[in-house]
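Novice:
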Amino acid sequence: MRTTLTLDDDVAAHLDRIRERRGGRLKDIVNEALRQGLLVLESGEPTDDDPYRVSPLPLGTPRLDVFDDIGEILAYAEGEGFP
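Residues are numbered in our numbering as their position in the sequence shown, beginning at 1, plus a constant of 3.
1) What whole-angstrom Cβ distance do Leu8 and Leu18 have, given they're in contact under 8 Å?
2) Taking only three categories from DSSP, how would you classify Asp71?
3) Using the Cβ count rule (16 or more neighbours within 10 Å means buried), how would you classify Ile73?
4) With DSSP as the reference, label Val57 as helix, strand or coil.
5) Give the range of the alpha helix (DSSP H) segment to which Arg38 is assigned.
6) Please tell me whether Ile32 and Arg22 are closer than 7 Å, where the distance is taken between their beta carbons.
In structure tokens, the structure reads:
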């Protein structure tokens with residue numbers, strides 16, 4: 004199939020670098036890049052463009068009722084005789 008594509012400058016530069024490094028024709032490099040890219044898109048695997056997702060977990064009730072006193076929190080965390 005013959006078609007015309009308009010490539011962004013950065014994509015064209017990548018293709019040119021690959022073509023210079025490997026040799027070969029531009030159409031072969033483009034077809035290989037498209038095949039690999041299509042496999043990634045179809046696989047559903049996350050890419051760098053996909054946001055990282057975090058699942059919430061229940062942590063239970065807090066051991067301290069008030070979090071206004073940092074000294075109390077540190078004393079509890081360091082084990083200074085809190086119930």
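Using N, Cα and C, we set each Cβ at its ideal position, and we do this for glycine too. No experiment lies behind these values; they were computed from the predicted model shown.
Specialist: Reading off the structure:
1) In fact, because the Cβ distance is near 11 Å, the residues do not count as touching under 8 Å.
2) In the structure shown, the three-state DSSP call for Asp71 is coil.
3) exposed
4) coil
5) 29-46
6) yes
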